[in-house]
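Below: the structure, in structure tokens.
Number of protein chains: 4
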Amino acid sequence: MDTFGRNYRVSVFGESHGPAIGVLLDGVPAGIGLSVHDFMADIDRRRSGAKGTTPRKESDIPHFVSGVYEDHTTGAPLAVIFRNENTRSQDYSLFRSVPRPGHADFVAGVRWHGFSDPRGGGHFSGRLTLPLVAAGVVAKKILAASDRSGHPVSIAAGLEEIGGVPVSEPGHEALWERILDQAMQEGDSIGGIVGCTVTGLAPGLGEPFFDSVESLLSHIVFAIPGVRGIEFGDGFRAARMKGSEHNDVFVSSRGECATNGAGGINGGMTNGNPLVFRVAFKPTSSIRKTQRTFDFSQGEMTDLEVPGRHDACFALRTPVIVEAAAAIVLADLVLTAAR
Amino acid sequence: MDTFGRNYRVSVFGESHGPAIGVLLDGVPAGIGLSVHDFMADIDRRRSGAKGTTPRKESDIPHFVSGVYEDHTTGAPLAVIFRNENTRSQDYSLFRSVPRPGHADFVAGVRWHGFSDPRGGGHFSGRLTLPLVAAGVVAKKILAASDRSGHPVSIAAGLEEIGGVPVSEPGHEALWERILDQAMQEGDSIGGIVGCTVTGLAPGLGEPFFDSVESLLSHIVFAIPGVRGIEFGDGFRAARMKGSEHNDVFVSSRGECATNGAGGINGGMTNGNPLVFRVAFKPTSSIRKTQRTFDFSQGEMTDLEVPGRHDACFALRTPVIVEAAAAIVLADLVLTAAR
Amino acid sequence: MDTFGRNYRVSVFGESHGPAIGVLLDGVPAGIGLSVHDFMADIDRRRSGAKGTTPRKESDIPHFVSGVYEDHTTGAPLAVIFRNENTRSQDYSLFRSVPRPGHADFVAGVRWHGFSDPRGGGHFSGRLTLPLVAAGVVAKKILAASDRSGHPVSIAAGLEEIGGVPVSEPGHEALWERILDQAMQEGDSIGGIVGCTVTGLAPGLGEPFFDSVESLLSHIVFAIPGVRGIEFGDGFRAARMKGSEHNDVFVSSRGECATNGAGGINGGMTNGNPLVFRVAFKPTSSIRKTQRTFDFSQGEMTDLEVPGRHDACFALRTPVIVEAAAAIVLADLVLTAAR
Amino acid sequence: MDTFGRNYRVSVFGESHGPAIGVLLDGVPAGIGLSVHDFMADIDRRRSGAKGTTPRKESDIPHFVSGVYEDHTTGAPLAVIFRNENTRSQDYSLFRSVPRPGHADFVAGVRWHGFSDPRGGGHFSGRLTLPLVAAGVVAKKILAASDRSGHPVSIAAGLEEIGGVPVSEPGHEALWERILDQAMQEGDSIGGIVGCTVTGLAPGLGEPFFDSVESLLSHIVFAIPGVRGIEFGDGFRAARMKGSEHNDVFVSSRGECATNGAGGINGGMTNGNPLVFRVAFKPTSSIRKTQRTFDFSQGEMTDLEVPGRHDACFALRTPVIVEAAAAIVLADLVLTAAR
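In order, the protein sequence lines correspond to chains A, B, C and D.
Counting in my numbering, the first sequence runs from 113 upward without gaps.
Counting in my numbering, the second sequence runs from 113 upward without gaps.
Counting in my numbering, the third sequence runs from 113 upward without gaps.
Counting in my numbering, the fourth sequence runs from 113 upward without gaps.
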């Protein structure tokens, strides 16, 4: 099912080259101010344009189909659609015979018996992250509206690595730009790592076991195309630490800890310390560089160069998507916890 | 909610020192042979006893409350309980004042307003992974019963690292045993990494976006206490690779790939190649070694040595739990895909 | 939540006078032939036009936003919208002060803190049954595509009573037309009873207890605005029968029964006999006739005549909606049972 | 699935002659006082003993498996079991060949391929309403604990008709006792109608469309074995009324109405007036009186007298079950609305 959430439910729909893509949001509280303008900052962050991103341009204007009246949410299901405009009438039938490595062409054909919409990746297109960003915008609004503490929830994601180069160290910008340039010249692609930190969360959000905060966050983060891994707090490094190093000792009556190896989560629930996680994005699958792969119609190996407009590093566009994913989970948990 | 799954639903319940813990399984097909004996191999793998694991011993015999008749599943909900036997009447009230670092003591107190059962960690105890293993046993049976191909699904998890030492290389056993001994002597603990490989899966299981195979697997894996990260295929390394390195080119008409950087998943769905993922476990939180932490009743820092019987490395006991988690997801997907 | 179903999931959205209303269908199998034309017969049955129905006219053309490609379902979520065209710019603010008796004006105001869209009843409009009919069309297609027996499922609903007059008896047509005329002249409205019979169902669909066929059917039937009761087989009359009268004895090895007092359901599951149920619809709430009711802004009683275009007997338009409701449940059960 | 609810989730399990039956409750808030004693009044109301009910006696003592500590709910999943004691080792294999009319014997055999537990009706036994009553007890506690108004929710169900005789009118007790005696003498059975009224509900509980109060209530009420119909407010009579008769006009600023034909619900949500519904129960299916039905093993008609201990009128035992069903829905809605 393309639906996520319990009390704030998000459903995405659409194909890359169909008339529109969209998102249906259920459980949005009534009375939250919401206009098209509220979406544009996050949509712009996701948009292509920077070096290393696809030149496909869309206006990406959200159209409210339902759930908004006089610039406020009504409480009824909120549907938003984005028209697909800049679609190219390229021939995608090649990928029925020669499925692109790293793409869903092959499995979609198996699963949907050849009936999936192949144009631009159809429902599997990265363009479907746009409705996710829209759901994140509304989620951030829900979080802001739910705040009673005066310390609103703040979600900030950013790139930590591009092509293996940490971005935060001085002088590294030139380095990863060079790596990006080189990949583009070679018709190749590179990956990246996104870190996300959430502050202002009350302790006690989430559930033990199946609805742990990590479970819910990883569930939605792996819904973003191209994610290969997720870790919380010390993450994989924790497996190489001693308990005395990894444990976060408490230092105040508010539950603040001296360290944050748990990434702000104990027993599946937020502990009031910053929620911290990192997400690994693979390099873009679509590359111009020649790949030797199988031609299913001919029954033999063949050469494939994936034509079209690609991101050399789509990870560059993902921080706002990761933020949206986190916001969706947290809005659901905050609405649930309000009980 | 402590429930997971769509067509095969697993709910766990119980506290470490209550009368029993258990699992309720809904959606189990009728007519699958099932007896107590079927559970014992996996239960024994999870059981304590080896060096580095707790000396707490339980008989861990499953008792069928419902859903089994004349050694076959009936189709009705299947409830299994495990009596708690070897419980010690230790005083856990200390941890109300001085919550154990790395444990849920603090957040459970906040969330459940001081009413949570503190004995042995209550509902947050690692003992709750026993019902998960039981759910995995039934899931493996469902997978075997669903096989029409003659190539049944095989799930195998094992330790890849203990305390930072890869276990598979020659001579490393002595090394990690030494690390383990040292941690035990110091009253400290170590973590580990578990790898899991699933073969025999048909292509096309899972869904795009929110019910991707990675989403479902990570969801349940993070329900296992002490998990800090999960990665699929090339995992975090993929973020440092080029597309031409990471992409899995096809080499046969059955969809076999030359490499498996995607870990057997494209577009959220299995592609017929082995499903491969790795899970990072933190070091055990309960350590005898003195920790300087906060005393909430006194409002000042204090010294804490966590008494009791602990695993120095609970990761040693987790491969069968990871297998169970994978089996639960895959049984659900296989039942769903049978449509 | 405005979502229903487990393996075939239906979500409706939209407001009567917003840009569009729609439905999102998840879990539709791939490869089912589907075009706009397939919807028109059922949409026409629901449409106004006959005596006793509102003169509001809409073209009610379904627009596929997603999930359909080259006239076949793709397997991806299927979104259909219907533009709202014939909306009148009437002033609905009166109903904030003087909520219409029998309508949701009052409760929507309470629940959604005055932010609900008041125009034409907003999300509570009977117009929202149009997406339900669309979901029913697709459900009927799923049922047809799932048939392996050569005896496809057939769903037929029809009016049994209008204004207390049984419609099936000779000469009664003139009688209920007269009752209808009279109600229209008086600015009043009348109700009706719809019966529904489903044949061709395999035995064993549904679940004991919470997902019994009766539970699922009644759940969705009461989602249709204006339903006051539902009964299966002998229904309320069963409460006045003896066991020896009400019990359905078996008469063949296929499970056929001599009578059908259970309405084709035993233990929550279909028994292979025709599924039979009846639904009671109230008279239309919006009436021109003067009602003495409360003015919340003035704090005193007032006279209200509800202006606008109303059905004198909206029950006339409901048989196809009841069929859709049944089809949705049965498509879900057939997909689930295919496991 | 044998699970119901969103934020208060109820799962039942067990078979009539297995070791125990039980209920798993998820989402119970922490800190609610709860002991075995709290269950006994409602359990006694459901228990057999009165004229017309089965002489099978069980102690029906609830055993807490989890979720209760020091006589308070902990917030963790709450499991309660009831041991099956007074089971008779009667031979149920007859009913494989000659399925009892009105029972699930036939459909369970088809659905579960002959593997269902046949003893005492197995999972389909009316005994499974005992866990439902237990879930209702906890639900009533949740409702009481949630009250902020000083006007707590009150749920009262009672018999309105037995064997077609209204019970509330003077002199009718003797009449329905005579009808009951006669049915018992003839080895036959009779049905009844239960009415339920809920007061003290805040307006605005429930959702438009699929999670309307009527949808949720009817869903769970039809999970009770033997229900044939449900109606709200004026119910089926509404179909024979005019709008001007059926509409409930408002008479106060609190939303009170002059009449209550809608049964306290508008647009799927409570309107603050008493919630009123009626449930029709069929006569008991198990009758001693000879029935002419099909012998599936012989392929011919045969005579069947169902042996054993039966309720001549199980409807007598159902008011507390109907109350429990209502309490479960309302507790879920109150927890959801608290957001």
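Cβ coordinates follow ideal geometry from the N, Cα and C atoms, glycine included.
Values in this document were obtained by computation on a predicted structure and should not be read as measured data.
{"Item": "DSSP on Thr371 (chain C), reduced to helix/strand/coil?", "Value": "coil"}
{"Item": "Can you check whether the C-beta of Gly341 (chain B) is within less than 7 Å of a C-beta belonging to chain D?", "Value": "no"}
{"Item": "How many Å lie between Gly338 (chain B) and Ser228 (chain A) at the Cα?", "Value": "40 Å"}
{"Item": "Roughly how many angstroms separate the alpha carbons of Ala216 (chain B) and Thr396 (chain B), rounded to a whole number?", "Value": "13 Å"}
{"Item": "Just reading off the beta strand (DSSP E) that Ile440 (chain D) is part of, what are its end residues?", "Value": "From DSSP, Ile440 (chain D) is part of no beta strand (DSSP E) but of the alpha helix (DSSP H) over 431-449."}
{"Item": "In the DSSP output, what is Val388 (chain B) paired with across the bridge?", "Value": "B:Thr309"}
{"Item": "Can you tell me the Cα-Cα spacing of Tyr204 (chain A) and Pro230 (chain A), whole angstroms?", "Value": "6 Å"}
{"Item": "Spatial neighbours of Leu292 (chain A) within its chain, please: C-beta separation below 8 Å, excluding the five flanking residues on both sides.", "Value": "Lys163, Gly164, Ile274, Gly275, Ile302, Ala424, Cys425"}
{"Item": "Rounding to the nearest angstrom, what Cα-Cα distance links Thr70 (chain A) and Leu240 (chain A) in this structure?", "Value": "There is no way to answer for residue 70 (chain A), as the model of chain A reaches only from 113 to 451."}
{"Item": "Taking only beta-carbon positions, decide if Ala216 (chain D) is within less than 7 Å of chain C.", "Value": "yes"}
{"Item": "In the DSSP assignment, find the unbroken alpha helix (DSSP H) run with Gly355 (chain B) in it and report its ends.", "Value": "355-358"}
{"Item": "Quick check: is the beta carbon of Val245 (chain D) nearer than 7 Å to any beta carbon in chain B?", "Value": "no"}
{"Item": "Once the 5 residues before and after Ile433 (chain B) are set aside, which same chain residues still bring their CB inside 8 Å of it?", "Value": "Arg158, Thr241, Leu244, Val245, Gly248, Ile336"}
{"Item": "Buried or exposed: where does Leu174 (chain A) fall if 16 or more other Cβ atoms within 10 Å of its Cβ makes it buried?", "Value": "Note on identity: in this sequence residue 174 (chain A) is Pro, with Leu being the wrong assignment. Label assigned to Pro174 (chain A): buried."}
{"Item": "Ordered along the chain, which non-local residues of its own chain (more than five positions away) have a Cβ less than 6 Å from that of Lys252 (chain C)?", "Value": "Ala439"}
{"Item": "Quick one: give me the first and last residue of the beta strand (DSSP E) that Phe194 (chain C) is part of.", "Value": "190-195"}
{"Item": "Below 8 Å on the Cβ atoms is my contact criterion, and I expect His358 (chain C) with Ala350 (chain C) to pass it. Report the Cβ-Cβ distance as a whole number of Å.", "Value": "5 Å"}
{"Item": "Starting from Asp229 (chain A), trace the beta strand (DSSP E) both ways and give me its first and last residue.", "Value": "No beta strand (DSSP E) contains Asp229 (chain A), which DSSP labels as neither H nor E."}
{"Item": "Can you list, in chain order, the residues of the segment 346-363 of chain A whose Cβ is nearer than 7 Å to any Cβ on chain B?", "Value": "Asp346, Gly347, Phe348, Ala350, Ala351, Arg352, Met353, Lys354, Gly355, Ser356, His358, Asn359, Asp360, Val361, Phe362, Val363"}
{"Item": "Between Gly318 (chain B) and the ligand GDP, is the CB less than 6 Å from at least one heavy atom?", "Value": "The ligand content of the structure shown is nil, which means the ligand GDP is not present either."}
{"Item": "Does Lys169 (chain B) pass the burial test, meaning 16 or more other C-beta atoms within 10 Å, or should it be called exposed?", "Value": "exposed"}
{"Item": "Just the C-alpha distance for Phe69 (chain D) and Leu255 (chain C), rounded to the nearest angstrom, thanks.", "Value": "Residue 69 (chain D) lies beyond the stretch modelled for chain D, which goes from 113 to 451, so this question has no answer here."}
{"Item": "Quick check: what's the CA-CA separation for Leu445 (chain C) versus Arg121 (chain C)?", "Value": "11 Å"}
{"Item": "Who are the Cβ neighbours of Leu329 (chain C) in its own chain at under 6 Å, not counting the five residues just before and after it?", "Value": "Val441"}
{"Item": "Tell me whether the segment 371-386 of chain B and the segment 406-421 of chain A touch, counting them as touching only if at least three CB pairs, one residue from each stretch, are closer than 8 Å.", "Value": "no"}
{"Item": "Under 8 Å, CB to CB, which of the residues in the segment 116-149 of chain A have a partner in chain D?", "Value": "Arg118, Asn119, Pro141"}
{"Item": "Sorted by chain position, which residues of the same chain lie with C-beta nearer than 8 Å to Glu298 (chain B)'s C-beta, five sequence neighbours on each side aside?", "Value": "Lys401"}
{"Item": "Can you list, in chain order, the residues of the segment 392-410 of chain C whose Cβ is nearer than 7 Å to any Cβ on chain D?", "Value": "Ala392, Phe393, Lys394, Pro395, Thr396, Ser397, Ile399, Lys401, Gln403, Arg404, Thr405, Phe406, Phe408"}
{"Item": "Please tell me whether His263 (chain D) and Gly312 (chain D) are closer than 7 Å, where the distance is taken between their beta carbons.", "Value": "yes"}
{"Item": "Are the segment 277-292 of chain A and the segment 408-420 of chain A in contact at 8 Å, needing three or more beta carbon pairs?", "Value": "no"}
{"Item": "Would Pro278 (chain B) be called buried (16 or more neighbouring beta carbons within 10 Å of its own) or exposed?", "Value": "exposed"}
{"Item": "Note down, in chain order, each residue of its chain lying with its Cβ closer than 7 Å to the Cβ of Ile332 (chain D), except the 5 sequence neighbours on either side.", "Value": "Phe116, Ala437, Ile440, Val441"}
{"Item": "Excluding the five sequence neighbours on either side, which residues of its own chain have a C-beta within less than 6 Å of the C-beta of Val135 (chain B), listed in chain order?", "Value": "Val124, Val192, Pro243, Ala246, Ala247"}
{"Item": "Should Glu326 (chain A) go down as buried or exposed, given a rule of 16 or more other Cβ atoms within 10 Å for buried?", "Value": "buried"}
{"Item": "Checking contacts by CB at 7 Å: is Phe227 (chain A) closer than that to chain B?", "Value": "no"}
{"Item": "Just verifying my parser: in three-state terms, what is the DSSP assignment at Thr241 (chain C)?", "Value": "helix"}
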